[in-house]
Amino acid sequence: QTITLNFINILIFCLLTILNVIYLYLKI
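So that you can map any letter, position 24 of the sequence shown is 221 in our numbering, and since no number is skipped, the others follow by simple counting.
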């Protein structure tokens, strides 16, 4: 369960990072 939770946490972090990069790219 801890491994799954950690995996989901990493996945969400990567998703937020990608969205942030896309937002900055579109903003320029």
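Note that the Cβ used here is the ideal one computed from N, Cα and C, for glycine as well.
Computed from a predicted structure; not experimentally measured.
For the pair Leu-208 and Tyr-220, the Cα-to-Cα distance works out to about 18 Å. Shown here, Ile-225 sits in coil according to DSSP, grouped into three states, outside any helix or strand.
Looking at the backbone, the Cα of Tyr-222 and that of Leu-213 are separated by about 14 Å.
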